[in-house]
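Colleague: Residue 125 is where the sequence shown starts when you use the numbering used here, and the numbers rise one by one after that.
Note that CB positions come from ideal geometry on N, CA and C, so glycine has one too.
Before I ask anything, let me first share the structure, which is written out below as structure tokens.
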Amino acid sequence: MNRLLFEVPLGDSPKFRADAVLGDSIFEVLPELRDLRRLRATLLEIAHHMTGINERRRGIFILDQPHVSTNRLLQEWGGLTEIVRPEIHHRLAVVIRQGGVPDHVIGTLSAQEAESIDAVLENFRLHSAHSA
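Here you go:
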């Protein structure tokens, strides 16, 4: 069983830190997402860390209380197939959290990834509260 680690630097750039890492799974939290530019930029950053020697890595995006509709997010997800290679796209997942429970999952999560969502969000919120 893998251990959940928080604020993990990825690659050779100390500037980018994943909100959490569980084995080969990279978690990123996007709170109160208001536009899709931020989601696209984060997806491309994570996808960059899923290529080459990192071909086993998965990217999991947790959208916490987004202001973008689920239908619009589904459209965006479908459009990703045009810009992200299929071997990367199938290793991405989005969890839309509304009202404290997973509202919708786009893509697939392992049981351990699904069980880690609450801990990732809790750590993110705690860290965000202290840095605000």
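Could you work out which residue in T205, R209, L198 and K139 is closest to V219 when comparing CA atoms only?
Modeller: L198
Colleague: Leaving out five residues before and five after R162 in sequence, what residues of the same chain have Cβ atoms less than 8 Å from its Cβ?
Modeller: L154
Colleague: Between which two residues does the alpha helix (DSSP H) containing Q199 stretch?
Modeller: T194 to G203
Colleague: Looking at the unbroken beta strand (DSSP E) that takes in I186, where does it start and where does it end?
Modeller: R182 to D188
Colleague: Would the beta-carbon of L160 fall within 7 Å of that of E211?
Modeller: no
Colleague: Taking 7 Å as the threshold (C-beta atoms), are L157 and P190 in contact?
Modeller: Inclusion of P190 and L157 in the CB contact set at 7 Å is warranted, their separation being smaller than that value.
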